[in-house]
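Take a look at the structure set out below.
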Amino acid sequence: MSILLSSSDIDRAIKRISHEILEHNQGITNLVLMGIPTRGAYLADRISAFITEIEGPVATGVLDITLHRDDLRLRPPKPLLPTKLPPGGIEGKDLVLVDDVLFSGRTIRAALDAIGELGRPRSVQLAVLVDRGHRELPIRADYVGKNIPTSKSESVKVHLSEYDNEDLVELIK
Amino acid sequence: MITGHLLSAADLSKDEALNLLSTAKELAAITDGPNKKLPTLRGKTVVNLFFEDSTRTRISFETAAKRLSADVINFSAKGSSVSKGESLKDTAQTLQAMGADAVVIRHGSSGAAKRLADTQWIQAAIINAGDGTHEHPTQALLDAFTIKQHLRNDKSDLTGIRVLIVGDILHSRVARSNVLLLTKLGAQVVLVAPPTLLPVGVGDWPVEISYDLDSQIEKCDVVMMLRIQLERMADSFFPTEREYSRRYGLNSARLAKLSKSAIVMHPGPMNRGLEISADSADDLKSVIIDQVKNGVAVRMAVLYELLGGAQIGESK
Numbered sequence: 001m002s003i004l005l006s007s008s009d010i011d012r013a014i015k016r017i018s019h020e021i022l023e024h025n026q027g028i029t030n031l032v033l034m035g036i037p038t039r040g041a042y043l044a045d046r047i048s049a050f051i052t053e054i055e056g057p058v059a060t061g062v063l064d065i066t067l068h069r070d071d072l073r074l075r076p077p078k079p080l081l082p083t084k085l086p087p088g089g090i091e092g093k094d095l096v097l098v099d100d101v102l103f104s105g106r107t108i109r110a111a112l113d114a115i116g117e118l119g120r121p122r123s124v125q126l127a128v129l130v131d132r133g134h135r136e137l138p139i140r141a142d143y144v145g146k147n148i149p150t151s152k153s154e155s156v157k158v159h160l161s162e163y164d165n166e167d168l169v170e171l172i173k
Numbered sequence: 174m175i176t177g178h179l180l181s182a183a184d185l186s187k188d189e190a191l192n193l194l195s196t197a198k199e200l201a202a203i204t205d206g207p208n209k210k211l212p213t214l215r216g217k218t219v220v221n222l223f224f225e226d227s228t229r230t231r232i233s234f235e236t237a238a239k240r241l242s243a244d245v246i247n248f249s250a251k252g253s254s255v256s257k258g259e260s261l262k263d264t265a266q267t268l269q270a271m272g273a274d275a276v277v278i279r280h281g282s283s284g285a286a287k288r289l290a291d292t293q294w295i296q297a298a299i300i301n302a303g304d305g306t307h308e309h310p311t312q313a314l315l316d317a318f319t320i321k322q323h324l325r326n327d328k329s330d331l332t333g334i335r336v337l338i339v340g341d342i343l344h345s346r347v348a349r350s351n352v353l354l355l356t357k358l359g360a361q362v363v364l365v366a367p368p369t370l371l372p373v374g375v376g377d378w379p380v381e382i383s384y385d386l387d388s389q390i391e392k393c394d395v396v397m398m399l400r401i402q403l404e405r406m407a408d409s410f411f412p413t414e415r416e417y418s419r420r421y422g423l424n425s426a427r428l429a430k431l432s433k434s435a436i437v438m439h440p441g442p443m444n445r446g447l448e449i450s451a452d453s454a455d456d457l458k459s460v461i462i463d464q465v466k467n468g469v470a471v472r473m474a475v476l477y478e479l480l481g482g483a484q485i486g487e488s489k
């Protein structure tokens with residue numbers, strides 16, 4: 001087990017991603033952040049809080065993707081988590097999906113399907129704290145906290161203080 | 174999460190029931206959106222096996238299954254080989270051969286759903302949609318959902334809520350399932366009925382019993398009127414319909430005595446003018462239409478939990 005990102009690394013990564021999102025979308029006017037539960041939702045809240053500090057409030061929501069997973073049939077069913085749409089909805093917006101770890105890309109594929117149920121954003125971008133490689137689908141992230149080459153047998157675990165009482169990213173062999 | 178079958182409200186633990194209700198809440202929010210259809214149960218087949226007449230329950234299950242993209246086959250005993258004398262076993266084996274993943278069964282005999290679940294006639298998940306005078310668990314779930322929606326916030330159970338269930342408790346599967354589920358969720362249940370319409374052994378149920386509606390109506394949060402099942406009233410349980418209506422019916426005088434936040438429920442179909450007056454049924458306190466709407470979300474949650482994930486013996 002080794003530590004990949006410390007609390008201050010996570011903090012810096014979130015701030016850099018926030019700036020990159022603002023730069024790429026030229027401000028917050030048409031921007032919507034959607035976090036994928038559990039930890040992606042907390043990351044989206046943190047990015048949202050930082051953007052609010054520097055440019056003003058940004059529409060932020062939560063997107064549960066359970067019903068759209070392609071591995072639904074392979075596991076026992078999970079309880080659904082809340083989906084929260086921001087007040088202005090997502091129609092015609094520039095939507096940034098936020099998740100903790102990008103791995104096979106299947107979660108993001110499910111998220112794209114879930115978004116399709118809710119409306120038609122003008123664009124969809126992807127922000128992740130960790131990109132560990134091993135994609136199984138043609139999906140890439142627009143904003144990455146840290147690229148971490150891993151072996152498939154390892155796993156990457158993100159801890160966030162809102163849920164796990166500490167900020168930490170670790171590699172478990 | 175529930176697994177296997179849903180035969181009785183007693184099968185659910187308190188946590189399972191609350192989980193199911195919160196899943197139903199999410200599904201209700203999704204189906205209020207622009208696109209009501211989810212891909213979750215694509216390729217699964219749900220059979221509605223109805224040996225008794227039903228409008229609400231059958232349509233509700235059909236809608237729920239279709240919103241989750243399952244294929245639905247409707248079977249009603251009228252117009253099928255059952256009227257030629259085919260047995261439940263042969264009917265079940267026919268459905269098994271056709272590859273049903275879930276069977277929603279309504280049957281006039283108490284225990285019919287359990288019979289299907291316990292035998293090897295069919296491998297599908299069995300959902301009890303009313304068996305004789307025994308149970309109707311999805312009705313209890315949608316009633317709990319509706320009570321929670323109107324009287325309680327997200328997380329909590331039903332502790333402190335006083336529910337009157339009024340009418341024909343003896344023949345009512347809705348009452349049985351509701352007593353089991355609502356008391357498990359912490360609600361206080363009072364059964365109000367003439368002594369002739371209370372089942373034997375009701376003293377052992379975890380409920381209060383009253384023969385006098387007027388003494389109870391002011392101090393409740395929910396009043397649930399049961400249908401007088403005229404088809405089961407061949408024996409004389411009460412002298413006349415008019416007398417029953419006067420003593421146990423919900424009318425505008427009793428409606429006015431309800432507390433401000435109280436709600437009126439009825440599982441349907443209503444006998445307007447018998448157990449509930451037309452103006453009570455259409456009053457602002459009445460949540461009868463909400464019950465129907467919530468039924469779809471609750472049944473979607475049940476189908477999702479029973480069919481959504483890997484089934485027993487079908488792991489990766």
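Protein chains in written order, with the working numbering: chain A, 1 to 173; chain B, 174 to 489.
Think of the CB as a built atom: it goes at the ideal place given N, C-alpha and C, for glycine as much as any other residue.
Check: Beta-carbon neighbours of PRO87/A, restricted to chain B and to distances below 9 Å; Outcome: Within chain B, no residue comes near PRO87/A; the closest Cβ sits about 15 Å away, beyond 9 Å.
Check: Residues of the region 59-83 of chain A whose Cβ lies closer than 8 Å to any Cβ of chain B, in chain order; Outcome: ASP64, LEU67, HIS68, LEU72, ARG73, LEU74, ARG75, PRO76, PRO77, LYS78, PRO79, LEU80, LEU81, PRO82, THR83
Check: Listed by chain order, chain A residues near SER200/B by CB distance under 8 Å; Outcome: In the sequence as presented, Ser is not what sits at residue 200/B; that position holds Leu. Within chain A, the residues near LEU200/B are LEU80.
Check: The beta strand (DSSP E) enclosing LYS157/A, as first and last residue numbers; Outcome: 155-159
Check: ASN247/B beta carbon less than 7 Å from that of ASN208/B; Outcome: no
Check: Opening and closing residue of the beta strand (DSSP E) in which ARG335/B lies; Outcome: 335-339
Check: Helix, strand or coil at ARG445/B [DSSP, three-state]; Outcome: strand
Check: Selection from ILE320/B, LEU343/B, GLY252/B that minimises the alpha carbon distance to MET406/B; Outcome: LEU343/B
Check: Classification of LYS489/B by the beta-carbon crowding that lies within 10 angstroms, buried from 16 upward; Outcome: Confidence at LYS489/B is low in this model, with a pLDDT of 33, below 50, so its placement is unreliable and the value that follows should be read with caution. Looking at its Cβ environment, which holds fewer than 16 other Cβ atoms inside 10 Å, LYS489/B is exposed.
Check: Rounded distance between the beta-carbons of THR204/B and ALA470/B, thought under 8 Å; Outcome: 7 Å
Check: Inter-residue spacing [alpha-carbon to alpha-carbon] between THR311/B and ASN165/A; Outcome: 39 Å
Check: Minimum C-alpha distance to PRO121/A - residue among GLY92/A, ASP45/A, LEU63/A, THR83/A; Outcome: GLY92/A
Check: Best match in GLY374/B, GLN322/B, GLU391/B, ARG445/B for proximity to ASP463/B [C-alpha to C-alpha]; Outcome: GLN322/B
Check: Contacting residues, own chain, Cβ-Cβ under 6 Å from SER233/B (five flanking each side not counted); Outcome: GLY468, VAL469, ARG472
Check: Completely contained alpha helix (DSSP H) runs for the region 71-155 of chain A, where each covers 4 or more residues; Outcome: 106-118
Check: Test item: CB-CB of ASP113/A and HIS68/A under 7 Å; Outcome: yes
Check: Environment of GLY486/B [buried if 16+ CB atoms lie within 10 Å]; Outcome: Legend: pLDDT at GLY486/B = 44, less than 50; position of this residue unreliable, value from coordinates given subsequently. By the 10 Å Cβ count, GLY486/B comes out exposed.
Check: Residues of its chain near ILE175/B, where Cβ-Cβ distance is below 6 Å and the 5 sequence neighbours each way are ignored; Outcome: GLU189, GLU478
Check: Residue burial classification, GLY35/A (beta-carbon count within 10 angstroms, cutoff 16); Outcome: buried
Check: Runs of alpha helix (DSSP H) lying entirely within the region 393-438 of chain B, each at least 4 residues, in chain order; Outcome: 414-421, 425-430
Check: Pairwise C-alpha distance: SER227/B and LYS239/B; Outcome: 18 Å
Check: Stretch-stretch touch, CB-based, cutoff 8 Å, three pairs: the region 246-262 of chain B with the region 296-309 of chain B; Outcome: no
Check: Contact with chain A by GLU478/B, beta-carbon distance below 7 Å; Outcome: yes
Check: Touch test, the region 348-363 of chain B against the region 407-427 of chain B, Cβ-Cβ under 8 Å, three pairs minimum; Outcome: no
Check: Segments of 3+ residues assigned as beta strand (DSSP E) that fall wholly inside the region 208-262 of chain B; Outcome: 218-223, 244-249
Check: Coarse secondary structure for MET493/B, derived from DSSP in three states; Outcome: Lying outside 174 to 489, the shown extent of chain B, residue 493/B is not represented and no answer is given.
Check: Selection from ASP45/A, MET1/A, VAL32/A that minimises the alpha carbon distance to ASP14/A; Outcome: Contrary to the premise, residue 14/A reads as Ile rather than Asp in this sequence. Comparing Cα positions, the closest option is ASP45/A.
Check: 8 Å Cβ shell around VAL363/B - same chain, five flanking residues per side excluded; Outcome: ARG335, VAL336, LEU337, ILE338, VAL380, GLU381, ILE382, SER383, GLN389, CYS393
Check: For LYS262/B, the nearest candidate out of ARG229/B, ASP244/B, GLN296/B (CA to CA); Outcome: GLN296/B
Check: Cβ shell of PRO440/B (< 6 Å), same chain only, five flanking positions each side left out; Outcome: GLN312, VAL347
Check: Exposed unless 16 or more other CB atoms sit within 10 angstroms - verdict on THR218/B; Outcome: buried
Check: For ALA273/B, the three-state DSSP class (helix, strand or coil); Outcome: coil
Check: Proximal chain A residues relative to ASN192/B, where beta-carbon distance stays under 8 Å; Outcome: PRO79
Check: Which of helix, strand or coil DSSP assigns to SER6/A; Outcome: coil
Check: Within-7 Å CB hit, LEU211/B to chain A; Outcome: yes
Check: Chain-ordered residues of the region 111-130 of chain A with a beta carbon less than 8 Å from chain B; Outcome: ASP113, GLY116, GLU117, LEU118, GLY119
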